[in-house]
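Colleague: Using the working numbering, you'd call the opening residue of the sequence shown number 354 and step up by one each time.
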Amino acid sequence: MHRYLEGRASLPIFMCGNRIQSEERCLKEKRDIVYFGLYVLLIVGFYEYGIQKIYGFSILGDEFGYWANAAVLAGYDWSSCAQASAYYSYGYGILLAIPLVLCKTPLSAYRMAVGMNALFLCGAFWFLQKILQGLFTHSDRDRRVFSLLAAAFYPVSLYYMKMTLTETLLFFLYCCVCYLMQQFLKEGRRRDLFGLMAVLVYLFFVHMRTVGILTACVVILVMHGRKRKDQRRTILAGAAVFLLFFLAGMFLKVTFNQAVYGTAEAALQDVNDIGGQAGRLSELLSWGGLWHLAVSCVGKLFYIGMASFGTVYFAVGYCIRHIRERISQFLLLSLLGQFGISAVFMTRSGRIDGVIYGRYNDFLMPVYIGIGLLAMFSCKHMIIKVFTCIVSHGCMAPFLLWYVEQKNLNDFKGYFAAGIGYTFTLTQGDRIDDFRPELLEAYLVCTLLAVLLAACVCVARRFDRLVWILSVFVCVEIYGAMVINKNYTYWFNDVNLECMGVITYLEEHERPQIVYLDCGGFLYEDLVQFYLPEQKIEIVGLSEIEVGIRERDFGTGYVLVEQNYPYLEEMRTLAKPVAEGANLVLFTIETLK
Numbered sequence: 354m355h356r357y358l359e360g361r362a363s364l365p366i367f368m369c370g371n372r373i374q375s376e377e378r379c380l381k382e383k384r385d386i387v388y389f390g391l392y393v394l395l396i397v398g399f400y401e402y403g404i405q406k407i408y409g410f411s412i413l414g415d416e417f418g419y420w421a422n423a424a425v426l427a428g429y430d431w432s433s434c435a436q437a438s439a440y441y442s443y444g445y446g447i448l449l450a451i452p453l454v455l456c457k458t459p460l461s462a463y464r465m466a467v468g469m470n471a472l473f474l475c476g477a478f479w480f481l482q483k484i485l486q487g488l489f490t491h492s493d494r495d496r497r498v499f500s501l502l503a504a505a506f507y508p509v510s511l512y513y514m515k516m517t518l519t520e521t522l523l524f525f526l527y528c529c530v531c532y533l534m535q536q537f538l539k540e541g542r543r544r545d546l547f548g549l550m551a552v553l554v555y556l557f558f559v560h561m562r563t564v565g566i567l568t569a570c571v572v573i574l575v576m577h578g579r580k581r582k583d584q585r586r587t588i589l590a591g592a593a594v595f596l597l598f599f600l601a602g603m604f605l606k607v608t609f610n611q612a613v614y615g616t617a618e619a620a621l622q623d624v625n626d627i628g629g630q631a632g633r634l635s636e637l638l639s640w641g642g643l644w645h646l647a648v649s650c651v652g653k654l655f656y657i658g659m660a661s662f663g664t665v666y667f668a669v670g671y672c673i674r675h676i677r678e679r680i681s682q683f684l685l686l687s688l689l690g691q692f693g694i695s696a697v698f699m700t701r702s703g704r705i706d707g708v709i710y711g712r713y714n715d716f717l718m719p720v721y722i723g724i725g726l727l728a729m730f731s732c733k734h735m736i737i738k739v740f741t742c743i744v745s746h747g748c749m750a751p752f753l754l755w756y757v758e759q760k761n762l763n764d765f766k767g768y769f770a771a772g773i774g775y776t777f778t779l780t781q782g783d784r785i786d787d788f789r790p791e792l793l794e795a796y797l798v799c800t801l802l803a804v805l806l807a808a809c810v811c812v813a814r815r816f817d818r819l820v821w822i823l824s825v826f827v828c829v830e831i832y833g834a835m836v837i838n839k840n841y842t843y844w845f846n847d848v849n850l851e852c853m854g855v856i857t858y859l860e861e862h863e864r865p866q867i868v869y870l871d872c873g874g875f876l877y878e879d880l881v882q883f884y885l886p887e888q889k890i891e892i893v894g895l896s897e898i899e900v901g902i903r904e905r906d907f908g909t910g911y912v913l914v915e916q917n918y919p920y921l922e923e924m925r926t927l928a929k930p931v932a933e934g935a936n937l938v939l940f941t942i943e944t945l946k
């Protein structure tokens with residue numbers, strides 16, 4: 354009887370404990386929702402800030418390539434302009450077709466696409482939150498939240514949000530891949546594996562240089578299947594699903610290529626197609642090729658270290674310490690795979706930014722910033738390790754500068770190294786005479802940011818109640834994103850705005866055709882085609898024609914040239930332009946004969 358009464362007495366205490374735990378769990382979930390809502394509000398605010406300054410492509414050629422695939426689904430034929438450029442995969446174009454079909458004007462379609470990027474960032478935040486929760490189950494919740502915010506507000510992610518390159522979508526998809534891989538390795542559910550296979554295939558057809566991530570997934574799943582016999586059937590079923598999706602993707606690739614790049618030279622398609630890189634790989638199988646590859650690796654290591662404020666090294670250290678865990682193996686392999694792809698593809702690029710090229714790794718950085726930051730909280734001798742990273746970067750910089758000077762490299766597209774581009778400025782024709790001050794300023798600014806972040810972590814480690822101090826660094830990141838956008842995005846859109854006078858004239862005074870005389874400069878024809886989606890534009894290269902169009906009969910219509918066209922002055926002697934802007938000059942064909 355005594356034991357019975359004792360058990361009955363302990364029952365309310367047990368139920369009370371469960372109730373308290375349930376309430377605590379509910380409170381934590383509500384806090385997660387609050388933080389997610391805060392992030393969404395800040396992203397919406399960042400979208401609204403400066404959206405009225407956006408008039409179209411920031412990176413002509415690249416962005417147009419993705420929209421050209423969307424145009425096929427919308428019923429437009431932009432093949433003439435697309436065939437004058439390199440190959441761009443169709444995955445992103447499928448999504449871009451949505452605003453192109455729904456919106457009444459191309460400008461509103463572009464701004465809607467930027468809004469879609471904001472949604473991708475919000476989705477990536479949710480996945481990243483789950484990833485960090487799974488990796489750092491026993492870490493302090495506040496530390497995890499503020500590390501998540503610092504990762505999610507990576508300045509380059511906010512920079513790419515304002516344009517229609519694939520990087521924002523790739524960031525979202527990579528977070529999705531990491532989450533699904535984590536869930537499958539933990540739970541072994543088929544739905545997680547099948548979802549992972551679908552996302553992997555789509556990721557590959559958004560940008561084929563994500564093959565490093567795909568390879569990492571294959572390796573990890575094979576290793577997992579060898580260890581876990583009970584999941585071999587599930588993995589084989591996943592392989593069948595992957596093959597099915599991949600074959601469907603290849604069919605769509607052929608279909609889009611025929612519609613967009615049908616008559617383009619094979620060399621143009623090989624530039625961005627993974628299948629066209631066999632020649633580049635063979636070049637590396639020599640002492641000279643290996644030397645240039647080594648330099649490329651040093652440049653990419655310098656970039657990801659500086660752009661991540663040193664956190665990527667702590668993330669790699671975390672993965673190595675937990676190397677027995679499959680998810681850590683995947684994170685390490687996917688980072689190394691993409692690092693290798695970037696190094697190989699940009700070997701001997703002939704440009705300064707090619708040496709330190711960051712675009713192919715930027716979409717990975719937020720994941721490793723989050724992991725690295727949380728690893729810093731429990732890291733021994735953190736200050737010494739941060740100092741070692743700074744000194745290592747200081748040794749890499751003179752070496753890279755020496756290589757640039759030895760090769761007499763002058764072309765510099767700083768917007769492809771945006772993670773260290775807080776002080777880079779655009780130059781005429783993307784040429785730079787002396788890279789020394791640019792690299793020195795980038796090193797000093799990024800080092801200062803790394804020191805600031807390390808100081809915030811030190812304070813948060815010493816005083817648990819001051820973990821919110823990481824929000825100071827988040828504010829610095831947002832300001833950094835605004836600086837990068839001012840340096841590049843808004844500058845390019847000022848150029849777009851200068852073209853609007855000529856484009857407006859073409860919209861108001863329609864004629865049967867437009868002939869664009871291309872001299873190999875800015876791809877203004879892409880911007881014109883985007884704003885005149887139903888208009889067929891014929892591209893005539895400089896090698897095809899001597900002076901103007903006097904030797905060829907184009908019937909009636911317009912001739913469009915840029916201000917730097919070599920024979921523009923001679924064309925002015927024949928006719929007066931019907932419209933002219935800071936970058937474009939418009940003639941009628943008849944007056945030039």
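Where a beta carbon is used, it is the ideal one built from N, C-alpha and C, also for glycine.
(1) Helix, strand or coil for V397 per DSSP?
(2) Which one or two residues does DSSP pair with D871 in a beta bridge?
(3) By DSSP, does F940 sit in helix, in strand, or in coil?
(4) Would you check if the stretch 720-732 and the stretch 491-498 touch, i.e. whether three or more CB-CB distances between them fall below 8 Å?
(5) Give every residue of the same chain whose Cβ lies closer than 7 Å to the Cβ of N470, excluding the five residues on either side of it in the sequence, and list them in chain order.
(6) Short check: CB of L589 to CB of L567, under 7 Å?
(7) In three-state DSSP terms, what is R815?
(8) So, at 7 Å on beta carbons, what are the nonlocal neighbours of F609 in its own chain, with the 5 sequence-adjacent residues on each side left out?
(9) I need the DSSP call for V912, collapsed to helix, strand or coil.
(10) To the nearest angstrom, how far is it from the Cα of A928 to the Cα of F940?
(11) May I ask you to report which of helix, strand or coil DSSP gives R701?
(12) Is the Cβ-Cβ distance between F598 and A551 less than 7 Å?
(13) Please name the residue, chosen from C434, V855, S702, that lies closest to P930 on a Cα-to-Cα basis.
(14) Does the separation of the CB atoms of D715 and V509 fall below 7 Å?
(15) From this set, Y877, G711, Y445, which residue's C-alpha is nearest Q916's C-alpha?
(16) What whole-angstrom Cβ distance do A771 and I705 have, given they're in contact under 8 Å?
(17) Would you check if the stretch 456-475 and the stretch 795-809 touch, i.e. whether three or more CB-CB distances between them fall below 8 Å?
(18) Short check: CB of L485 to CB of R497, under 7 Å?
(19) Could you tell me the alpha carbon to alpha carbon distance between I657 and C650, rounded to whole angstroms?
(20) Please tell me whether Q535 and G487 are closer than 7 Å, where the distance is taken between their beta carbons.
(21) Going by the beta-carbon positions, is the gap between G652 and V744 smaller than 7 Å?
(22) What residues in its chain sit with their C-beta under 8 Å from that of S461, if we drop five residues either side in the sequence?
(23) Going along the chain, which unbroken runs of the alpha helix (DSSP H) with 4 or more residues stay wholly within the stretch 436-514?
(24) Report the rounded CA-to-CA distance for E933 versus T842, giving the unit in angstroms.
(25) Could you tell me which residues DSSP pairs with R784 in its beta bridges?
(26) Y445 and V559 - do their beta-carbons sit closer together than 7 Å?
(27) Whose C-alpha, out of R789, F595, S432, is nearest the C-alpha of I890?
(28) Three or more C-beta pairs closer than 8 Å, one from the stretch 680-689 and one from the stretch 570-587: is that the case here?
(29) Could you give the distance in angstroms between the alpha-carbon of C411 and the alpha-carbon of K766?
(30) Go ahead and pull the three-state DSSP assignment for T926.
(31) When the Cα atoms are used, what is the spatial distance from L364 to G833?
(32) Comparing the C-beta of F598 with each C-beta of chain D, is any distance below 7 Å?
(33) Looking at the strands, I want to know which residues DSSP matches up with E933.
(34) For a test of the three-state rule: what should DSSP assign to K733, helix, strand or coil?
(35) In whole angstroms, give me the CA-to-CA distance for L850 and Y666.
Modeller: So, from the listed chains and residues:
(1) Within the sequence shown, residue 397 is the residue found at index 44, counting from 1. It is helical.
(2) Looking up residue 871 in the sequence shown gives position 518. D871 pairs with G894.
(3) Mapped onto the sequence shown, residue 940 falls at position 587. F940 falls in the strand class under three-state DSSP.
(4) The stretch 720-732 and the stretch 491-498 touch, with three or more beta-carbon pairs separated by less than 8 Å.
(5) Stepping through the sequence shown from its first residue, residue 470 is reached at position 117. M514, T521.
(6) As a first step, residue 589 must be located in the sequence shown, where it is residue number 236. As a first step, residue 567 must be located in the sequence shown, where it is residue number 214. In this structure, L567 does not lie closer than 7 Å to L589 by Cβ.
(7) For the purposes of this step, residue 815 is taken as the residue at position 462 of the sequence shown. Here R815 carries a helix assignment [DSSP, helix/strand/coil].
(8) Numbered from 1 along the sequence shown, position 256 holds the residue referred to as residue 609. Taking F609 as the centre and dropping the five residues before and after it, the same chain places the C-beta of N422, V425, Y443 closer than 7 Å to its C-beta, in chain order.
(9) What you label residue 912 is simply residue 559 of the sequence shown in a count that begins at 1. V912 falls in the strand class under three-state DSSP.
(10) Taking the first residue of the sequence shown as 1, we reach residue 928 at position 575. Taking the first residue of the sequence shown as 1, we reach residue 940 at position 587. For the pair A928 and F940, the Cα-to-Cα distance works out to about 7 Å.
(11) Locating residue 701 in the sequence shown gives position 348, counting from the first residue. Under the three-state reduction of DSSP, R701 is assigned to coil, being neither helix nor strand.
(12) In the sequence shown, counting from the first residue as 1, residue 598 sits at position 245. In the sequence shown, counting from the first residue as 1, residue 551 sits at position 198. With contacts defined by Cβ atoms closer than 7 Å, F598 and A551 form a contacting pair.
(13) Position 577 of the sequence shown, counted from the first residue, corresponds to residue 930. The shortest CA-to-CA distance from P930 to any of C434, V855, S702 is the one to V855.
(14) Translated into positions along the sequence shown, residue 715 becomes position 362. Translated into positions along the sequence shown, residue 509 becomes position 156. With respect to the 7 Å criterion, D715 and V509 are classified as neighbours on the basis of their beta carbons.
(15) The residue you call residue 916 lines up with position 563 of the sequence shown. The shortest C-alpha separation from Q916 is found at Y877.
(16) Reading the sequence shown from its first residue, position 418 is the one you call residue 771. Reading the sequence shown from its first residue, position 352 is the one you call residue 705. Going by Cβ atoms, the distance from A771 to I705 rounds to 14 Å, so no, they are not a contact pair.
(17) Cβ pair count under 8 Å is below three, so no.
(18) As a working note, residue 485 is residue 132 in the sequence shown. As a working note, residue 497 is residue 144 in the sequence shown. The Cβ atoms of L485 and R497 sit closer than 7 Å to each other.
(19) Within the sequence shown, residue 657 is the residue found at index 304, counting from 1. Within the sequence shown, residue 650 is the residue found at index 297, counting from 1. Those two C-alpha atoms are separated by around 11 Å.
(20) Here residue 535 refers to the residue found at position 182 when the sequence shown is read from its first residue. Here residue 487 refers to the residue found at position 134 when the sequence shown is read from its first residue. In contact: Q535 and G487 (Cβ atoms closer than 7 Å).
(21) Looking up residue 652 in the sequence shown gives position 299. Looking up residue 744 in the sequence shown gives position 391. With respect to V744, G652 sits apart: the two C-beta atoms are not nearer than 7 Å.
(22) As a first step, residue 461 must be located in the sequence shown, where it is residue number 108. The beta carbon of S461 sits closer than 8 Å to the beta carbons of P452 from its chain, once the five residues preceding and following it are set aside; these are given in chain order.
(23) Complete alpha helix (DSSP H) runs here, min 4: 444-455, 459-488, 494-505, 508-514.
(24) Residue 933 sits at position 580 when you count from the first residue of the sequence shown. Residue 842 sits at position 489 when you count from the first residue of the sequence shown. Their Cα atoms are separated by approximately 24 Å.
(25) Residue 784 sits at position 431 when you count from the first residue of the sequence shown. Paired residues: D764.
(26) By 1-based counting over the sequence shown, the position of residue 559 is 206. By 1-based counting over the sequence shown, the position of residue 445 is 92. Yes.
(27) Within the sequence shown, the letter at position 537 stands for residue 890. The option with the nearest alpha carbon to I890 is S432.
(28) Here the stretch 680-689 makes contact with the stretch 570-587; the two share three or more CB pairs at distances below 8 Å.
(29) Against the sequence shown, residue 411 aligns to sequence position 58. Against the sequence shown, residue 766 aligns to sequence position 413. Reading the sequence as shown, one finds Ser at residue 411 and not Cys. Looking at the two C-alpha atoms, the distance is approximately 12 Å.
(30) Within the sequence shown, the letter at position 573 stands for residue 926. Three-state result, T926: helix.
(31) Walking along the sequence shown from the start, residue 364 turns up at place 11. Walking along the sequence shown from the start, residue 833 turns up at place 480. Low per-residue confidence applies at L364: pLDDT is 48, beneath 50, and the placement is therefore not dependable enough to give any value.
(32) In the displayed structure, chain D is absent; only one protein chain is listed.
(33) Numbered from its first residue, the sequence shown carries residue 933 at position 580. In the DSSP output, where bridge partners are listed per residue, E933 has V938.
(34) By one-based count along the sequence shown, residue 733 stands at place 380. Correct three-state label for K733: coil.
(35) Taking the first residue of the sequence shown as 1, we reach residue 850 at position 497. Taking the first residue of the sequence shown as 1, we reach residue 666 at position 313. Their Cα atoms are separated by approximately 42 Å.
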